[in-house]
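The numbering used here puts the first residue of the sequence shown at 7, with every later residue one more than the last.
Where a beta carbon is used, it is the ideal one built from N, C-alpha and C, also for glycine.
To start, the structure under review is shown below, and the notes come after it.
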Amino acid sequence: MMLKLLPIGIQSFRKLIEGGYLYVDKTRWIYELIRNPSGVYFLARPRRFGKSLLISTLEEIFRGNRPLFRGLWLDDQPYDWQPFPVIRMDLSLYRAENAEHLKLVLAEMLGELGERAGIALGPGDHLKRLRELVWRLAGDGRVVILVDEYDKPLLDHLDDLAEARRVREVLRGFYGVIKGMDAHIRFVMLTGVSKFSKVGVFSGLNNLEDISLDTRFATLLGVTEAELLDHATGYLAQMADQEQVAFDALLAQVRNWYNGFCFAADCQSVYNPFSLWLMLSQKRFGNFWFDTGTPTFLIKLIEQRGYDVRELGNRDSSDLAFSAYDLDELPIVPLLYQTGYLTIKRYDPTSRLYRLGYPNYEVEHAFLTYLLAAFTPSDIGAAGAELWRLREALQAADFDQAFAILRAFFASIPYDIQMPQERYYQTVFYLVFRLLGLQTGVEVRSSRGRADAIVELAEGVFIFEFKLEGTPADALAQIRRQGYAEPYLGSLKPVYLIGVRFDLAQRTIAGWEMARN
Numbered sequence: 007m008m009l010k011l012l013p014i015g016i017q018s019f020r021k022l023i024e025g026g027y028l029y030v031d032k033t034r035w036i037y038e039l040i041r042n043p044s045g046v047y048f049l050a051r052p053r054r055f056g057k058s059l060l061i062s063t064l065e066e067i068f069r070g071n072r073p074l075f076r077g078l079w080l081d082d083q084p085y086d087w088q089p090f091p092v093i094r095m096d097l098s099l100y101r102a103e104n105a106e107h108l109k110l111v112l113a114e115m116l117g118e119l120g121e122r123a124g125i126a127l128g129p130g131d132h133l134k135r136l137r138e139l140v141w142r143l144a145g146d147g148r149v150v151i152l153v154d155e156y157d158k159p160l161l162d163h164l165d166d167l168a169e170a171r172r173v174r175e176v177l178r179g180f181y182g183v184i185k186g187m188d189a190h191i192r193f194v195m196l197t198g199v200s201k202f203s204k205v206g207v208f209s210g211l212n213n214l215e216d217i218s219l220d221t222r223f224a225t226l227l228g229v230t231e232a233e234l235l236d237h238a239t240g241y242l243a244q245m246a247d248q249e250q251v252a253f254d255a256l257l258a259q260v261r262n263w264y265n266g267f268c269f270a271a272d273c274q275s276v277y278n279p280f281s282l283w284l285m286l287s288q289k290r291f292g293n294f295w296f297d298t299g300t301p302t303f304l305i306k307l308i309e310q311r312g313y314d315v316r317e318l319g320n321r322d323s324s325d326l327a328f329s330a331y332d333l334d335e336l337p338i339v340p341l342l343y344q345t346g347y348l349t350i351k352r353y354d355p356t357s358r359l360y361r362l363g364y365p366n367y368e369v370e371h372a373f374l375t376y377l378l379a380a381f382t383p384s385d386i387g388a389a390g391a392e393l394w395r396l397r398e399a400l401q402a403a404d405f406d407q408a409f410a411i412l413r414a415f416f417a418s419i420p421y422d423i424q425m426p427q428e429r430y431y432q433t434v435f436y437l438v439f440r441l442l443g444l445q446t447g448v449e450v451r452s453s454r455g456r457a458d459a460i461v462e463l464a465e466g467v468f469i470f471e472f473k474l475e476g477t478p479a480d481a482l483a484q485i486r487r488q489g490y491a492e493p494y495l496g497s498l499k500p501v502y503l504i505g506v507r508f509d510l511a512q513r514t515i516a517g518w519e520m521a522r523n
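In C-alpha cells form, the structure reads like this:
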C-alpha cells in the first residue's frame, strides 16, 4: 500500500489535506474549543510543535470549509459550519526593530488584511485600525481573530530588556483592544512560545482562558504513541527493515529519541512532530528539532548567572514557577520549559509540585553537548569527538589515556570565566560524564546520595568522585562510605572506583586513584 506523504514543515491545513499528506486528526480537541460560543484562548507550546497548523485549521473551520474535513472526527459532530470573517495575523513574518516600528508593522499588517477583504482602512495607528477592521468585517455579525506567534516581537528583544518592555506595552495595548470588542467577536486564539507573568501582555484581556497546562488539551499538539502507530506503522516497518532490527526495538529507540514532551499534570507524553516526520523520511536519527534553533541566549544566561546545570534534569517546581515568567527577571527554568528544553516528568497532587526534566535523548544530549562546547573552547563537533575518545579509553580501562583527555579539556578552559571557579569545574565534570552516560542510555542513583559521575558501559561500571580539597584517597573513601557501588554488587561487570583531585590553582587534575570493587 502506498504510504501517505509525510507533512514535513507544512503549516497550511488546506495544503496538507488537498495534497494527500498524512494528517493526525486533532479535530476532537479542536471541537471542544469551537463549541464555546464566545471562546478566547491562549496556548503556549515550543517552536515547531504545530501551532501554525492549528491556527490554519481553525481558519478553515471558521470560514466554513467543511469539504476539507470529510472523514475527520469533526465532520460527524453537530457543528453548524457557519462561516465568519477571519482576521489571521502571524507576527513571526516581520521583525520590528523597536516598539515604534512594531506599531507601524501592526498597522501595515491590518491594512493588508483589510485589502484582502475588500476594505480600505482609514488613516490611523494600529489600535484604531484593529477596531475599524473588526467593526467593518463584523457588520451585524461577529469575527474570528487568530494570532500566531503573538510573542515574537518580544522574544526578538530579550537581549535588550528596556526595549522589550516598550514592545510589551505596545502588544498589551493591541491585545487589550480585543477585550473592548467582545460583542463583535465569535472566537479568539493566540499562540506563542512564552507566557509572561505579573503585568504581562494579556493584562488587559481578562477574559482569556489559558489552556497551556489544561489536561483536556495536553495532546492537542504533538503526536501520541497511539497516533504514531495508527498513522505511520508502515514508515516504522521500513526503517526497522533498513536497520535490521525488530519493530519493537526500533520503536523503543524512536521513543527514547523523540517522545517525552508533557504539557499537563497527567503527563500524557507526545512526540515532537518535526523530528518525528524527518526521522521517518530520512530513516535516521538526528537532532532535527534542536538544530532548527540553538539556545544561544539561554546558554549565555546560564553562564552569566552561574546556574547549576546539574539541577536541570531533576527539578521540582510549582506551576507558577515554570508556566510563566517575569520579563524583568528572565528566570532560567521557565525559559527552558517554555522553549522545550525541559518538560513535565511527573506531578505530585499532594504537594502540587511538578517534576521537570529533559524530554528525551535528542534534547538532553544536544543541549548538554552545546553547553559543554560553550563552557570549553571546543566547537560542537570537537567536543563530541573528545567524548567518544574518552568513552573508548574507559572501555579499554585505559585510565592514563582517559585522564590525559580530561586534562586536555581543563587545560583549554580560559582564565576569564564568569562563574565561580569551583562551580565552573563542577559543571564541566558533570557535563562530560553525564554525556558519557547518555551515550549508553543509563542513569543510576544511589539511595544514600549521588556520586559525581557514574558511567555504565558494557565493559564495566565507572564511579567517579572529584575533590577540590582533599586527596584522591579521600574521594575513594567517600565512594565506599556512601555505598555508591552497592547497586552493582551483583553485576558480572567489573566496577571501578575512581577518586580524583582537582587543583584549582593549577587548573588541572592533580591526581587520581583507582580501585576495583
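Beta-carbon proximity check, residue i vs residue j, cutoff 8 Å
{"i": "F19", "j": "T63", "result": "yes"}
{"i": "G120", "j": "A126", "result": "yes"}
{"i": "Q83", "j": "Y27", "result": "no"}
{"i": "I184", "j": "I217", "result": "no"}
{"i": "F68", "j": "L136", "result": "no"}
{"i": "Y367", "j": "L9", "result": "no"}
{"i": "A408", "j": "A399", "result": "yes"}
{"i": "L97", "j": "E155", "result": "yes"}
{"i": "Y277", "j": "D322", "result": "no"}
{"i": "G505", "j": "A481", "result": "yes"}
{"i": "T382", "j": "V434", "result": "yes"}
{"i": "A105", "j": "E169", "result": "yes"}
{"i": "L219", "j": "F253", "result": "no"}
{"i": "Y343", "j": "P337", "result": "no"}
{"i": "Y29", "j": "P52", "result": "no"}
{"i": "L59", "j": "Q17", "result": "yes"}
{"i": "T221", "j": "A255", "result": "no"}
{"i": "L177", "j": "V149", "result": "no"}
The beta strand (DSSP E) enclosing residue i, as first and last residue numbers
{"i": "W263", "result": "W263 -> not in any beta strand (DSSP E); alpha helix (DSSP H) instead, spanning F253 to Y264."}
{"i": "L28", "result": "Element bounds for L28: n/a, residue is neither H nor E."}
{"i": "Y277", "result": "Y277 -> no beta strand (DSSP E), and no H or E assigned at all."}
{"i": "W141", "result": "Note, W141: premise wrong, no beta strand (DSSP E); alpha helix (DSSP H) at H132 to A144."}
{"i": "D154", "result": "V149 to D154"}
{"i": "Y502", "result": "V501 to D509"}
{"i": "D458", "result": "D458 -> no beta strand (DSSP E), and no H or E assigned at all."}
{"i": "E66", "result": "Taken as a continuous stretch (DSSP letters only), E66 belongs to no beta strand (DSSP E), being part of the alpha helix (DSSP H) at K57 to F68."}
{"i": "D247", "result": "No beta strand (DSSP E) holds D247; the alpha helix (DSSP H) holding it covers E231 to E249."}
Element boundaries [alpha helix (DSSP H), containing residue i]
{"i": "Y360", "result": "Taken as a continuous stretch (DSSP letters only), Y360 belongs to no alpha helix (DSSP H), being part of the beta strand (DSSP E) at L359 to G363."}
{"i": "L304", "result": "T302 to R311"}
{"i": "M187", "result": "It is not in any alpha helix (DSSP H) - M187 carries neither H nor E in the DSSP assignment."}
{"i": "V339", "result": "I338 to Q344"}
{"i": "K473", "result": "Note, K473: premise wrong, no alpha helix (DSSP H); beta strand (DSSP E) at G466 to K473."}
Three-state secondary structure assigned by DSSP to residue i
{"i": "M8", "result": "coil"}
{"i": "I350", "result": "strand"}
{"i": "V207", "result": "coil"}
{"i": "D95", "result": "Residue 95 is actually Met in this sequence, not Asp. Strand, per DSSP."}
{"i": "V46", "result": "strand"}
{"i": "V448", "result": "Confidence at V448 is low in this model, with a pLDDT of 44, below 50, so its placement is unreliable and the value that follows should be read with caution. In this structure, V448 counts as coil in the three-state DSSP scheme."}
{"i": "F90", "result": "coil"}
{"i": "L108", "result": "helix"}
{"i": "T382", "result": "coil"}
{"i": "L196", "result": "strand"}
{"i": "Y376", "result": "helix"}
{"i": "D165", "result": "coil"}
{"i": "I217", "result": "coil"}
{"i": "S323", "result": "strand"}
{"i": "E103", "result": "coil"}
{"i": "G182", "result": "helix"}
Nearest candidate by alpha-carbon position, reference residue i, set the options
{"i": "A403", "options": "M195, G466 and S418", "result": "G466"}
{"i": "G346", "options": "Y353, E335 and T298", "result": "T298"}
{"i": "Y376", "options": "R69, G145 and N293", "result": "N293"}
{"i": "W35", "options": "F223, M245 and Y436", "result": "F223"}
{"i": "E462", "options": "R94, Q484, R142 and R397", "result": "R397"}
{"i": "A516", "options": "L474, R53, P500 and Y490", "result": "L474"}
{"i": "I308", "options": "Y430, L219, G15 and S44", "result": "Y430"}
{"i": "D162", "options": "R290, V501 and H107", "result": "H107"}
{"i": "F328", "options": "S203, F208 and K306", "result": "S203"}
{"i": "K21", "options": "F48, L74 and K201", "result": "L74"}
Cβ distance (whole Å) where residue i is taken to contact residue j below 8 Å
{"i": "G319", "j": "G363", "result": "5 Å"}
{"i": "V199", "j": "D157", "result": "6 Å"}
{"i": "G210", "j": "G228", "result": "Going by Cβ atoms, the distance from G210 to G228 rounds to 31 Å, so no, they are not a contact pair."}
{"i": "L11", "j": "G25", "result": "7 Å"}
{"i": "L437", "j": "L378", "result": "4 Å"}
{"i": "H190", "j": "W263", "result": "Wrong, their Cβ atoms sit about 47 Å apart, outside the cutoff."}
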